[in-house]
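Asker:
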Amino acid sequence: MTQRAVVKGVGHYLPQRIVENSEFEETLDTTDEWITSRSGIKRRHFAAEGETTSDMAIYAARAALYDAGLDADDIDAIILATSTADLTFPSAATMVQTGLSMTGGFAYDVQAVCAGFIYALSTANAQIISGQAKRVLVIGAETFSRLMDWKDRSTCVLFGDGAGALVLEVTDAEGTSNDRGILSVDLNSDGSYRDILYVDGGVSTGKTGYLRMEGKEVFRHAVEKLSETAETAMERAGIQAGDIDWVVPHQANIRIINSTARKMGVPMSKVVTTVQDHGNTSAASIPLALSVAKQNGQIKENDLIVTEAIGGGLAWGALVIRW
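Anchor point for the sequence shown: position 114 equals 113 in numbering that gives the first Met the number 0, and the numbering is continuous, going up by one each time.
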């Protein structure tokens, strides 16, 4: 007998403001067709003035708790994946803890940019199977619209804001690939690629800065590394491509998603895509996609899911989960 971290509930939140591609035509040398053909993105959501990452995380957390049939005080820990915390410190996770009126447990942030939710799930899984926590609220939340250079048409049209959350709960299992819960994890990073995707701000510069990206290089590394990490996670879980019910990738670019699925040997009919409606929401993109897919009746109990992401660092990884 072993123990697994099983998904108990899922939820998400998107800001009210929807920004269609056509809105960028007013200020940039771009078109809806240009943006769509290169990214698959049609629209995205932007946070309202004064709406913070922790605000959105609280909404998503409440939705996940409701879906799980739990209260905040049933949770032992909150792990929030974000690169856009409200303040340098304290962590946005502690703000969520207060916002949920959670009176016990512990909370902290994880920062691995677009791979942040994979890293946060991995950390939550480790704490559950080690016995440190029985239930963990894992959140991805971002306000990337506040890191955009609105004169850079190659980046500012790609990103959006939002939040998604999962509740993980310890469950006894047999220790096989038929178990529900997180079955395997693969994490990687390589700091030598820092300059192809970064924000040119921080405490060393005294300014927030803007996101900078070498798109062609990021694309090349993304397809190669995402397929490799997914295959490693699948091998560790003892499964093959034909066993997969759903691939839920980081929602950055439809061409990356298509190419990665092809390299994995998985048809696009088994790939969850929300990039067209959300844009790239960084650490929020995977939990958002999971929540929307469940809401739409795609993901069901016992479905076998592979999820993978890559972000600045470079940092990348994958998990295999049976829902």
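No residue lacks a Cβ here, since even glycine has one placed at the ideal position from N, Cα and C.
(1) So, using beta-carbon positions, are residue 232 and residue 112 closer together than 8 Å?
(2) I'd like to check one pair, residue 80 with residue 34: are the Cβ atoms closer than 8 Å?
(3) Kindly say whether residue 82, judged by its beta-carbon, lies nearer than 8 Å to any beta-carbon of chain C.
(4) Tell whether a beta-carbon distance below 8 Å holds between residue 52 and residue 106.
(5) So what's residue 23 in DSSP terms, helix, strand or just coil?
(6) With burial defined as no fewer than 16 other Cβ atoms inside 10 Å of the residue's Cβ, what is the status of residue 267: buried or exposed?
(7) Counting only the same chain and skipping the five closest in sequence on each side, list residues whose C-beta sits under 7 Å from that of residue 288.
(8) Just to confirm before moving on: does the CB-CB distance between residue 198 and residue 146 stay below 8 Å?
(9) How many angstroms separate the CA atom of residue 224 from the CA atom of residue 315?
(10) Identify, in the order they occur along the chain, each residue of the same chain with its Cβ nearer than 6 Å to the Cβ of residue 5, setting aside the five sequence neighbours on each side.
(11) Hey, residue 308 and residue 285 are a contact pair by Cβ (cut 8 Å); roughly how many whole angstroms apart?
(12) How is residue 93 classed by DSSP in three states: helix, strand or coil?
(13) Pick from 211, 19, 96 and 160: whose alpha carbon is nearest that of residue 11?
(14) What are the partner residues of residue 8, as DSSP defines its beta bridges?
(15) What's the C-alpha gap between residue 47 and residue 299?
(16) What separation, rounded to the nearest whole angstrom, lies between the Cα atoms of residue 306 and residue 263?
(17) Here's the rule I'm using: 16 or more other beta-carbon atoms within 10 Å means buried, otherwise exposed. How should residue 206 be labelled?
(18) Take the Cβ of residue 134 as the centre, count every other Cβ of all protein chains shown within 10 Å, and call the residue buried at 16 or more, exposed below.
(19) Jot down the residue ranges of each uninterrupted alpha helix (DSSP H) in the region 220-293, minimum 4 residues, whole runs only, in chain order.
Answerer: This is what the structure gives:
(1) no
(2) no
(3) Absent here is chain C; the protein component of the structure consists of one chain.
(4) no
(5) helix
(6) exposed
(7) 247, 250, 271 and 273
(8) yes
(9) 7 Å
(10) 168, 170, 179 and 180
(11) 6 Å
(12) helix
(13) 160
(14) 166
(15) 33 Å
(16) 12 Å
(17) exposed
(18) buried
(19) 253-263 and 274-277
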